[in-house]
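From first to last, the protein sequence lines are chains W and V. Using the numbering used here, read the first sequence as starting at 8 and increasing by one per residue. Using the numbering used here, read the second sequence as starting at 8 and increasing by one per residue. We treat Cβ as the ideally placed atom computed from N, Cα and C, and that holds for glycine. Everything on this sheet refers to the single structure shown next.
Number of protein chains: 2
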Amino acid sequence: MSQINVGIIGFGTVGVGTVQLLLKNADAIAKRIGEPLVIRKIADLDTKTDRGVAVGKEVLTTNAMEVIDDPRIDVVVELVGGLDKAREFILMAMEKGKHVVTANKALLAEFGREIYCSAQAAGVHLGFEASVGGGIPILGALQGGLAANRIETLVGILNGTSNYILTGMTRNGLSYEKAVEQAVKLGFAEDPPTLDVEGTDAAHKLTILLSVITGIPIPFKDIYCEGIGSIGLDDIGFADNFGYRIKLLAIARQGDGWIEARVHPAMIPKDHILANVNEAYNAIYLEGDFVGANLYYGLGAGGRPTASAVVSDIMDVARKMLQGVKGPVFSPGKNMSPLQAMQIRPMEELTSIYYFRFSALDSPGVLSKIAGILGDHEISVSSVIQKGRKDKGAVPVVMLTHEALERNVFKAISLIDRLDIVTDKTVIIRVEEGFPNGNA
Amino acid sequence: MSQINVGIIGFGTVGVGTVQLLLKNADAIAKRIGEPLVIRKIADLDTKTDRGVAVGKEVLTTNAMEVIDDPRIDVVVELVGGLDKAREFILMAMEKGKHVVTANKALLAEFGREIYCSAQAAGVHLGFEASVGGGIPILGALQGGLAANRIETLVGILNGTSNYILTGMTRNGLSYEKAVEQAVKLGFAEDPPTLDVEGTDAAHKLTILLSVITGIPIPFKDIYCEGIGSIGLDDIGFADNFGYRIKLLAIARQGDGWIEARVHPAMIPKDHILANVNEAYNAIYLEGDFVGANLYYGLGAGGRPTASAVVSDIMDVARKMLQGVKGPVFSPGKNMSPLQAMQIRPMEELTSIYYFRFSALDSPGVLSKIAGILGDHEISVSSVIQKGRKDKGAVPVVMLTHEALERNVFKAISLIDRLDIVTDKTVIIRVEEGFPNGNA
Chain W
8 MSQINVGIIG
18 FGTVGVGTVQ
28 LLLKNADAIA
38 KRIGEPLVIR
48 KIADLDTKTD
58 RGVAVGKEVL
68 TTNAMEVIDD
78 PRIDVVVELV
88 GGLDKAREFI
98 LMAMEKGKHV
108 VTANKALLAE
118 FGREIYCSAQ
128 AAGVHLGFEA
138 SVGGGIPILG
148 ALQGGLAANR
158 IETLVGILNG
168 TSNYILTGMT
178 RNGLSYEKAV
188 EQAVKLGFAE
198 DPPTLDVEGT
208 DAAHKLTILL
218 SVITGIPIPF
228 KDIYCEGIGS
238 IGLDDIGFAD
248 NFGYRIKLLA
258 IARQGDGWIE
268 ARVHPAMIPK
278 DHILANVNEA
288 YNAIYLEGDF
298 VGANLYYGLG
308 AGGRPTASAV
318 VSDIMDVARK
328 MLQGVKGPVF
338 SPGKNMSPLQ
348 AMQIRPMEEL
358 TSIYYFRFSA
368 LDSPGVLSKI
378 AGILGDHEIS
388 VSSVIQKGRK
398 DKGAVPVVML
408 THEALERNVF
418 KAISLIDRLD
428 IVTDKTVIIR
438 VEEGFPNGNA
Chain V
8 MSQINVGIIG
18 FGTVGVGTVQ
28 LLLKNADAIA
38 KRIGEPLVIR
48 KIADLDTKTD
58 RGVAVGKEVL
68 TTNAMEVIDD
78 PRIDVVVELV
88 GGLDKAREFI
98 LMAMEKGKHV
108 VTANKALLAE
118 FGREIYCSAQ
128 AAGVHLGFEA
138 SVGGGIPILG
148 ALQGGLAANR
158 IETLVGILNG
168 TSNYILTGMT
178 RNGLSYEKAV
188 EQAVKLGFAE
198 DPPTLDVEGT
208 DAAHKLTILL
218 SVITGIPIPF
228 KDIYCEGIGS
238 IGLDDIGFAD
248 NFGYRIKLLA
258 IARQGDGWIE
268 ARVHPAMIPK
278 DHILANVNEA
288 YNAIYLEGDF
298 VGANLYYGLG
308 AGGRPTASAV
318 VSDIMDVARK
328 MLQGVKGPVF
338 SPGKNMSPLQ
348 AMQIRPMEEL
358 TSIYYFRFSA
368 LDSPGVLSKI
378 AGILGDHEIS
388 VSSVIQKGRK
398 DKGAVPVVML
408 THEALERNVF
418 KAISLIDRLD
428 IVTDKTVIIR
438 VEEGFPNGNA
């Protein structure tokens, strides 16, 4: 073997970043793996637009099958995104014995089991570092330098767009709508940024992280997912009063015989290192039984950071090829068995601290009525703020609870929301104090 | 091969952590690599003390050669520390064809070239993740998920003890001496913590990081190293006034044809994510040409975090053995050549922003004399603070400069320190604003 031949399907932002990297750092890459990486074919429906990279015309094609069928190509890089086409390309490439590198988180979250098993069956390598956290090499860390640990807790800020929006609300006092508008204008969000603000993108990534941690693909649909759309500036302000910041968190926890997986906005102590991850940055905080608290931080999206992970994955595949290692060496597929299907604990069994913002009429007895219902459901209150009394209309009444059971919380709030004195749906935000402040 | 046999030399804190981990997570480890890891022999001069781990008597020996000579043992784990004995054990083990895992940063910094070359010559694997940053898998990240990048900047808080001391001074207003005392009392520092506070330990780790980044062992003695002993509470306070925190930093930078490597205390902007790494935590901040700003954070010492890295290294070696991969696949040794000896840029060619604290008599004309000498050396001042006028005696005069050349700075300060109006050696602290605030 005197070189490793690469074919790329999808020549958008990440595709262009990947080609730029392969060209710019070609010498160093060849030195690090022992042989050069050569781009043989790039497929994209648009082969006309000038991307500002020096790629010969003969390399470009509009037909993905020219990449998949090319017998010279060793590694197929799937960067088209989306589900159907991408899935088809990857499965066909694997069938032809080609190793695959992909950045496609939605695909791995939805069809992970099929794709991991196909790699296993075909004996090919599958690299997907770029699917989580952009350039942050978190999947490599979990499978490599952290592999000896039982990962007990993982808390991630995995979606740059929603973090950018929440940062704008917190730092600049922008309303949710204004913050979204700004994020779209500056290119940090799609218009509309539905998958991002609803938590779907973060849940996709959490699915993949969990598959790597447990060795068992978790069904994406089992992951509880709640977005940031109901967070108001009021909540940001009250959080600040209580010493918290609001972040969209992806949380996984495992104990003996149970596993938790959920994506939702949460309040975390201001001085926790995760609370200080702002703008479009991503971070993964985790606790292993031996390593203790660890944090990994970097840009979670964008052509260049994502290309960093894609090309590092290609290098990893290339090294294994050159060493004669048959794939996949270590992938979620390896330990999979239908018998091991992992049961995610239902959300109603969660215990947490809760923040409630009630919209209540400013009349006597309101507090006692609300507190009464909470008490009936074994929810005890640790702090109350009642602010901004108006002559008429609703005022916010804000409460923090002690640890309570989610099932009870939702029962109580649904009763409270039916009270005449309550004028709007109560905002509920979970408070995460359960992971030690690594930096107290 | 139906199991991987491990021998350990050194049964202190890290040795015990390693055995605890191998026992506690044995099932998961076996599942992850395909075969169990079995502890065959543990050598330590003290085989009597009960370490609270279930190890059979037949496993313990006072003779390290029983580990090195045991034909059953595949992987030798060196955890004795220090230079001479450790070096001897490792070289002998390699000669016998055994793979080696070590946490010994001093050894790799001082004798890295010899050890990397010996691994290469013997065709064995060498794992040393535990030598830098405790449980933080930074060496794996540099060789794996970041491998496609040119690492342009690396800034590390690599010594937990000095970080603990500086945190105590900053947060609790402790004097340097009190902070050291507390660190010793709470077990965060040896007594005296010379290697830590003088920067030697951080410089050892920076040497190893640079070897991995460049593929060429850097001579440890070429790395500039300055400790935290001259930092006073005054400096912590003035830094705060200017919007900075003081940290002991290990800094490496590379550009076209030049490389910088230095360990010294530095002021960094308070809102930089590195400024918020406190107590005994370590962090490595880096910038790659594609990945952008990344941060890795965790406990940099201690038996359990270090064991996390040691056992993950054993697992990595085990996987390679089971895959039939000959070692070393990727190590600083691979690209080494005397021709490539890397020249570290002399410190006098550094340009930086500087903080000066002069001890000057409170008499007319002091400021103009000092400023005059600075001006003669092309050092321009951006801020001045003169505080605490006393009836007689010296007052601190504090200045921040614009970018200046280190050579000029030391010339100017040596002239200033000879002035009659200057009563004590001027404190000089570099200010690092040159790495983008990843979290602005």
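Nearest-angstrom Cα distance between R178/V and P276/W? 18 angstroms
Is there a C-beta anywhere in chain W that falls below 8 angstroms from the one on N444/V? Note that N444/V has pLDDT 45, beneath the 50 cutoff, so the model's placement of it is unreliable and no number is given.
From V187/W to G175/V, what distance separates their C-alpha atoms? 41 angstroms
Which chain W residues sit within Cβ distance under 8 angstroms of G151/V? Those are P144, G147, G151, S319, D323, listed as they occur along chain W.
Going along the chain, which residues of the stretch 109-140 of chain V sit with their C-beta nearer than 9 angstroms to a C-beta in chain W? E136
Does chain W have any CB closer than 8 angstroms to the CB of R311/V? yes
I need the DSSP call for F450/W, collapsed to helix, strand or coil. Residue 450/W is absent from the structure shown; chain W starts at 8 and stops at 447.
Provide the residue(s) that pair with H271/W in DSSP beta bridges, ordered along the chain. Beta-bridge pairing links H271/W to L256/W.
Out of G222/V, G167/V, S218/V, state which residue places its alpha-carbon closest to the alpha-carbon of E197/V. G167/V
Taking just the CA atoms, how far does L281/V sit from G141/W? 21 angstroms
At a Cβ cut of 8 angstroms, what residues of the stretch 151-169 of chain V count as close to chain W, listed as they run along the chain? G151, G152, L153, A154, A155, N156, R157
Who are the near neighbours of S218/W in its chain, counting only those whose CB is closer than 7 angstroms to its CB and skipping five residues on each side? G119, P224, I225, P339
Short of 6 angstroms in beta carbon distance, which residues of its chain neighbour N446/W, apart from the five on each side in sequence? Order them along the chain. Bear in mind that the predicted position of N446/W carries a pLDDT of just 42, short of 50, making it too unreliable to give a figure here.
Beta-carbon separation of N301/V and Y362/W under 8 angstroms? no
Can you give me the start and stop residues for the alpha helix (DSSP H) that V60/W sits inside? Counting along the chain, V60/W falls outside any alpha helix (DSSP H), and DSSP gives it neither H nor E.
So, helix, strand or coil for D51/W, using DSSP? coil
Name the two residues that bound the continuous beta strand (DSSP E) containing R437/V. 429-438
Which residues in the same chain as A246/W place their Cβ atom closer than 7 angstroms to its Cβ, once the five residues preceding and following it in sequence are excluded? R252, I253, M274
List the residues of chain V that Y251/W touches, going by C-beta distances under 7 angstroms, in chain order. Chain V residues near Y251/W: none, gap ~17 angstroms exceeds 7 angstroms.
How far does the beta strand (DSSP E) with N12/V in it reach, from first residue to last? 11-16
Exposed or buried, what is Q150/V when buried is set at 16 or more other beta-carbons lying within 10 Å of its beta-carbon? buried
Where do the N-terminal and C-terminal ends of the alpha helix (DSSP H) with I377/V fall, by residue? 373-383
Residues near P345/W in its chain [Cβ-Cβ closer than 8 angstroms; skip 5 each side]: Legend: pLDDT at P345/W = 46, less than 50; position of this residue unreliable, no value from coordinates given.
My output table needs one value for I291/W: the three-state DSSP class, helix, strand or coil. strand
Using C-beta distances below 8 angstroms, list every residue in its chain close to I80/W, excluding the 5 sequence neighbours before and after it, in chain order. N12, V13, G14, R47, K48, V74, K105
Helix or strand or just coil, what does DSSP make of L30/V? helix
Whole angstroms are fine: how far does the CA of E42/W sit from the CA of G63/W? 21 angstroms
Which residue's Cα is closest to the Cα of K103/V: S125/V, V139/V, D34/V? S125/V
Could you tell me whether any Cβ in chain W is nearer than 8 angstroms to the Cβ of S315/V? By the rule that beta-carbons nearer than 8 angstroms mark a contact, S315/V touches chain W.
Relative to the C-alpha of L28/W, which residue among L44/W, V324/W, G250/W is closest? L44/W
For A155/W and V318/V, which I take to be in contact (beta-carbon distance under 8 angstroms), what is that distance rounded to the nearest angstrom? 4 angstroms
Between V270/V and E294/V, which are expected to be in contact by the criterion C-beta below 8 angstroms, what is the C-beta distance as a whole number of angstroms? Your pair V270/V and E294/V does not check out as a contact, with CB atoms roughly 19 angstroms apart and the cut at 8 angstroms.
Hey, does V298/V have any beta-carbon neighbour from chain W nearer than 8 angstroms? yes
S387/V - DSSP class collapsed to helix/strand/coil: In the displayed model, S387/V falls within coil according to three-state DSSP, outside both helix and strand.
Rounded straight-line distance, which links the Cα of G89/V to that of E439/V: Straight-line Cα distance between these residues: approximately 33 angstroms.
Within 10 Å of its beta-carbon, does N170/V have 16 or more other beta-carbons around it, so buried, or fewer, so exposed? buried
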